[in-house]
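Colleague: In our numbering, the protein residues as written are 1 to 109.
All residues carry an ideal CB built from backbone N, CA and C; glycine is no exception.
Once you've had a glance at the structure underneath, I'll fire off some questions.
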């Protein structure tokens, strides 16, 4: 399990399972955002992952992997960011409200 790309992800290969846990509060799921979509509530949720199993077990046993997504107060997060003067605030707001990473922001003509 790792957390780097802000996207929940699971892939099995070579008898192993690779999992990215997601991002609690700064999900970057859209590479190309359709500006006509007004409700981004599924994409802009907080993501986390629960892994359950028998820790340090010497015997082979089952594990459970749960990807969780839940709504949180994005407006409150933006208010806190403004109050704390975070750098690149406009880019941060874009990420929180669209799930689109700042480098993929379309240029307006």
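1. Measure the alpha-carbon distance for residue 50 versus residue 64 and round it to whole angstroms.
2. Under three-state DSSP, which class holds residue 63?
3. Pick helix, strand or coil for residue 84, following the three-state DSSP scheme.
4. Please look up how many angstroms separate the CB atoms of residue 45 and residue 27, rounded, as I've assumed it's under 8 Å.
5. Classify residue 58 as helix, strand or coil using the three-state DSSP reduction.
6. Which same chain residues, not among the five before or five after residue 93, have their C-beta less than 6 Å away from its C-beta?
7. Using 7 Å as the threshold, is the C-beta distance between residue 96 and residue 74 below it?
8. Please report how far the alpha carbon of residue 101 lies from the alpha carbon of residue 24, in whole angstroms.
9. How many Å lie between residue 61 and residue 54 at the Cα?
Modeller: The answer reads as follows:
1. Annotation: residue 50 to residue 64 spans about 8 Å, alpha carbon to alpha carbon.
2. coil
3. Residue 84 falls in the coil class under three-state DSSP.
4. 7 Å
5. coil
6. 78
7. In this structure, residue 74 lies closer than 7 Å to residue 96 by Cβ.
8. Looking at the two C-alpha atoms, the distance is approximately 15 Å.
9. 7 Å
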